[in-house]
Amino acid sequence: MKKVEKVASGANFAAVTVGKTEELNQYALPLAPGVEIPGKVFVGGDLQATGAEMSFQQFAPGGSVGFLHTHKTHEELYIILGGDGEFQVDGQVFPVGEGSVVRVSPAGRRSLRNTGDSPMTMICIQYKAASFDAGDAADGEILPDQVVW
């Protein structure tokens, strides 16, 4: 099974790589003894993230999450990077594909499947619902320092 690789780190950052998207099928997320989700890898722990969790996942053609799930406090953003599929939230089914972004509240009963004939790749970002208090770039601060490449 493939592992997340550390690229660099410092006092204020961490950088990792999961490799090329076509290599995501080399990962598997263990859920319980003998139970794995193929093609899924979390990176929040490797990044030492303190406000969110993030995962990459690749579904083979015909592949799916395989179950509905909710969260206690986490809202999720699903970002489809490639492929075609269907998303289900609270019984409503709708198409997704490259460029689709879906937000699901903690109580939303969700699942996802690949309906295409090629792999479907996505990123999922989890964060505590109702915790964001600044819009757009309002939290950012442009610094006078010069960028050094």
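Per the working numbering, the very first residue in the sequence shown carries number 917; after that it's consecutive.
Beta carbons: idealized from backbone N, C-alpha and C, even for Gly.
* Counting only the same chain and skipping the five closest in sequence on each side, list residues whose C-beta sits under 6 Å from that of R1019. => Excluding residues within five positions, the ones whose Cβ falls inside 6 Å are L993.
* In or out: G1015 buried (at least 16 other Cβ within 10 Å) or exposed? -> Under this definition G1015 is an exposed residue.
* Asked: Relative to the C-alpha of P954, which residue among D1000, V981, G960 and T966 is closest?
  -> For the residues D1000, V981, G960 and T966, the minimum Cα distance to P954 belongs to V981.
* Can we say the region 934 to 948 touches the region 966 to 979, given the rule of at least three CB pairs closer than 8 Å? -> Yes, they touch.
* **Neighbourhood of H985 by C-beta distance below 8 Å, restricted to the same chain and skipping five residues each side** => Exclusion of the five residues before and after H985 leaves R1025, R1026 and S1027 as the residues of its chain whose Cβ lies within less than 8 Å of its Cβ.
* Asked: For T1031, which three-state DSSP category applies?
  -> DSSP places T1031 in coil when its eight states are reduced to three.
* Asked: So what does K1044 bridge to, in DSSP terms?
  -> Answer is H990, bridged to K1044.
* In this structure, does DSSP put G961 in helix, strand or coil? -> In the three-state reduction of the DSSP assignment, G961 falls in the helix class.
* Asked: E969: which of T989, G950, F983 and D1033 sits nearest, CA to CA?
  -> Measuring from the Cα of E969, the nearest candidate turns out to be T989.
* Contacting residues, own chain, Cβ-Cβ under 7 Å from T1037 (five flanking each side not counted) -> Same-chain partners within the cutoff: T937, L940, Q974, L997, G998 and G999.
* With respect to the beta strand (DSSP E) encompassing G917, which residues constitute its N-terminal and C-terminal limits? -> Looking at the sequence itself, residue 917 is Met, so the reference to Gly does not match. That residue, M917, is in no beta strand (DSSP E); it is neither H nor E in DSSP.
* Asked: Taking just the CA atoms, how far does F983 sit from N928?
  -> Approximately 37 Å between the Cα atoms of the pair.
* Return the chain-ordered list of same chain residues with a C-beta closer than 7 Å to the C-beta of E921, the five sequence neighbours on each side being excluded. => These residues qualify, in order along the chain: V932 and T933.
* Looking only at C-alpha atoms, which of E991, V1005, P977 and F958 sits nearest to S1047? -> From the listed residues E991, V1005, P977 and F958, the smallest Cα separation to S1047 is found for E991.
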